[in-house]
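One point on numbering: in the numbering used here, the residue at position 656 of the sequence shown is 655, and numbering is uninterrupted. Ideal Cβ positions, reconstructed from N, Cα and C, are used throughout, including at glycine. The structure displayed is predicted, hence computed values, not measured ones.
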Amino acid sequence: MSVESPIATDAERDAGEASDGAAPGRTPPLTTSLFVVTSLLGSFLLFAVQPMVAKMLLPSLGGTSSVWNTAMVFFQVTLVCGYALAHLGFRTMTLRTQRVVHAGLLAVPLVALPVALPGGWVPPTTGSPAGWTLAVLAVAVGAPFLALATCSPTLQQWFATARATHRRDPYFLYAAGNVGSLAALLAYPVVIEANFSLATQARAFTIAYLALIVLTFVCSRLPVAPHATLTRSPMTSAEGPPSEVAPNWPRRIRWMWWAAVPSSLLLGVTRHITTDVMSAPMLWVAPLSLYLVSYIAVFGPKPERVTSMAGRALRPAAVVLVALLFGNIGSSSLTFTLTLHLGTFFLAALVGHGRLALDRPDSRHLTEFYLFMSIGGAIGGAITTLLAPLVFPTVLEYPLAIGAVLTMIPAWRAYDPARVEGLVGRFDRRAILGAVGITIAALVALNAVGTSKSEADALLVVAAAGAAAYLLARTPTGFALALGTMAIVSVAPSPGTLTTQRSFFGVTSVARDADGVNYLISGGTVHGQQATEATDPDRPLTYYHPDGPVGRLMSDARMAGPTDVAVVGLGAGSLAGYGASGDNFDFYEIDPTVIGIATDSSYFTFVNDSPADVEIIAGDGRLGLSRSEARYDVVVLDAFSSDAIPLHLLTSEAFGTYERRLHDHGVLAVHISNRFFELEPLISRLADENGLVGVVGNHKPTEAQFDDGDLAQDWVFLARDRADLSSFSGGDDFHALVTDDDGPLWTDDSSDLLSALRGF
């Protein structure tokens, strides 16, 4: 039996507003389409404003991951607040009152548009800028984002009272909203950022926001169904209806759990594939797109079928993924590795979100459902983004999330919402102990015979764990523990690892090979090395080898006497190896973990052994140089070798800062070696805009040089006068930097990452 809400009473009074004379239950023209379009636009704006305002912060705070992390927390918490407001409104207001309140909520942010950072706000020079960042975001975008966050549940509640054929099951509008979010995700880097400045984006956002207000107003004035009530969502008899019991706390906790785990897994798999599998630009778009597609799929017409099929496919996929993680099987095939990680994640997201869709409540509890779902998503994101770097020394949250999502796989039998088995399914102590015991026994046996962690080891262990897991297919906990244990073991440090440390900027480790060479590794990229047992251990290697372009540059600079050098990016501190008595070396490094490792003589001695006066300035390089009054003979920019190109370091305004820090005859050295980005045309435009000329050094070491630690590398040297670069005019390694008028020009207001992408 349906239980009427305050909306139903008001709906009866509003029933006479209909002017088209449509019979009850008949759909007035375009009603459903109007709600779909409005949901699409609202979700598009909600998703598009996030990268837009975060990009506005870069010149003030730099490109630290903590800036993005803080912004993410702000948006997730504000989303929860928006859902809470929508829930409170429908719990306490009649439909007519709620329409007025929502109209006012949408109108208030107009005073804060177009979106812009508040003038005169300066970030703190000491301490964490997190509080300042949250305050700026609240002032700049808090009001419009909060209003947008209320739109999705509000529109669905209105649709539930409208004269529409599908009004009793408004959840399909949530799927439509996720289509809008997906469109914004794909459109921002490809279309919006590539073609419009931040100022133009802000104006376009204002226009679209006004259009949303108009569409929402029209939706609010559509005729409601006579005697409309908010009732349970009808589903096909094959799937069975959602429970009509009012949500209790165990059920609310399940909603949060089912939302938190996929959210955590999203960030975990993104971090893993972008650091340990492939450092490719914009690779993060793929898992986030799949995350949104999973919501679209399970909130469609066949959630039970989608969830069941995903659960069945997830079992073997998880076994293969654990084998890959543990034994590095198939890592030579990039396509296979990425497909396996992303495919397993997509199946996991379908399972977690499918459990949500199958347990969605009656429409009268719709806003409460979204509120607790958003709380769960925020908790999952906060654990992975903020808590995990403080608690785990490595990326342990990824295998933990894999294990957690396996507990959600539905049982083989048909789904029965009236008999939900709780968070982890039926508890079978003997089965769990058996699975864990088999796994541990296999590990002990392998360790006893002294084998390394090879593919054969992985096959043996995973075969045992997989066999146990499939015997426990009806007990999700046993399956999760069997494979989860193996996944956790997979992130253990490899032989030869001296230390593994973690911060908000990622995982940094130091490894030593059999020849006594220490390597600084960030994610999967080597950022420095030192031959600790060589006769001259402080001799720079890799991109700073004496036979390379930087070696020649430092040799020329030292011939003129004591040298003042600034370096953006510390790494292992290799450049300090060129320091002599009387020289000054200032390193600007954003990651405190890297600073600690580079200054620990048990790992690297470049900094501590340098006869020069070495100072390390913690923080973003551009901001540090802008605050400094020092001038330098050489400024080295070495922050562009991976996919995470810090855009704010490559704008015209940034190069203006570097130029002001140079002595009259100083040289700006920019390291442009990169597998994915063609940076030379961009650097040529930036140099021309700031009155600089340059040469390009393309160095390819001989076999003997390579054996000595030299690497292939590309550098651009810039100066105010070409005479200051005359020593680099000869030889095969150097040629003049030619200004490319068709090359991209990035500014703080307009930068397009795709314009520098090779082959794009």
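Query: The region 260 to 271 touching the region 340 to 356, judged by at least three CB pairs closer than 8 Å; Result: yes
Query: S580 classed as buried or exposed, judged by whether at least 16 other C-beta atoms fall within 10 angstroms; Result: exposed
Query: Whole-angstrom distance between R501 and L389, CA atom to CA atom; Result: 8 Å
Query: T406 versus V506: straight-line alpha-carbon distance, rounded; Result: 28 Å
Query: Terminal residues of the beta strand (DSSP E) in which F727 lies; Result: It is not in any beta strand (DSSP E) - F727 carries neither H nor E in the DSSP assignment.
Query: C-beta contact flag for L116 and M51 at 7 Å; Result: no
Query: Cβ distance (whole Å) where V297 is taken to contact T306 below 8 Å; Result: 6 Å
Query: Which listed residue (R202, S151, T30 and L105) has its alpha carbon closest to that of P113; Result: R202
Query: 8 Å Cβ shell around L744 - same chain, five flanking residues per side excluded; Result: S651, L681, R684, L685 and E688
Query: Anticipated Cβ contact below 8 Å, Y577 with P539, distance rounded; Result: 7 Å
Query: For R568, the nearest candidate out of D585, R557, D740 and G560 (CA to CA); Result: Here the sequence assigns Gly to residue 568, which means Arg is not the residue at that position. Nearest of D585, R557, D740 and G560 to G568, Cα basis: D585.
Query: Cut-off 7 Å between Cβ atoms - residues of its own chain near V189, not counting five sequence neighbours on either side; Result: L753
Query: Enclosing alpha helix (DSSP H) for L649 [first to last residue]; Result: Where L649 is concerned, there is no enclosing alpha helix (DSSP H), given that its DSSP letter is neither H nor E.
Query: Own chain, CB closer than 6 Å to E396, minus 5 neighbours either side, in chain order; Result: G267, T383 and A387
Query: Spatially closest choice to D512 from P494, T69 and P122, by CA coordinates; Result: P494
Query: Contact between the region 693 to 712 and the region 539 to 553 (3+ Cβ pairs under 8 Å); Result: yes
Query: First and last residue of the uninterrupted beta strand (DSSP E) at D713; Result: Q712 to A718
Query: Cβ pair count under 8 Å reaching 3, the region 665 to 677 against the region 705 to 714; Result: yes
Query: Coil, strand or helix - D612 by DSSP; Result: strand
Query: Through-space distance from N247 to D361, alpha-carbon basis; Result: 13 Å
Query: Status (buried if at least 16 other CB within 10 Å, exposed otherwise) for F760; Result: Only positions 0 to 759 of the chain appear in the structure, and residue 760 is not among them; the question remains open.
Query: Residue environment, R363, which counts as buried when at least 16 other CB atoms sit within 10 Å; Result: buried
Query: Buried or exposed (CB count within 10 angstroms, at least 16 for buried), D740; Result: exposed
Query: Strand pairing of R511, partner residues [DSSP]; Result: N517
Query: Whether P108 touches A148 by CB criterion (7 Å); Result: no
Query: Contact between the region 93 to 100 and the region 64 to 80 (3+ Cβ pairs under 8 Å); Result: no
Query: Burial state of T336 (16 or more Cβ within 10 Å); Result: buried
Query: Nonlocal neighbours in the same chain, by C-beta distance under 6 Å from D747, ignoring five residues either side; Result: P58, T650 and E652
Query: Residues of its chain near F733, where Cβ-Cβ distance is below 7 Å and the 5 sequence neighbours each way are ignored; Result: V694, V695, G696 and F727
Query: Nearest candidate by alpha-carbon position, reference G560, set N583, V606 and G572; Result: N583
Query: Given P661 as reference, the closest of D632, F676, D637 and L678 once Cα atoms are compared; Result: It is Leu, not Pro, that sits at residue 661 in the sequence shown. Measuring from the Cα of L661, the nearest candidate turns out to be D632.
Query: Supposed contact pair N517 and T531 - C-beta distance, whole angstroms, cut 8 Å; Result: 6 Å
Query: Cβ-Cβ separation, W254 to E372 (assumed contact under 8 Å), whole Å; Result: The question names Glu, but residue 372 in the sequence shown is Met. With 8 Å as the limit, M372 and W254 qualify as a contact, their Cβ atoms being about 5 Å apart.
Query: Reference S750, options L370, A565 and H647, closest by Cα; Result: H647
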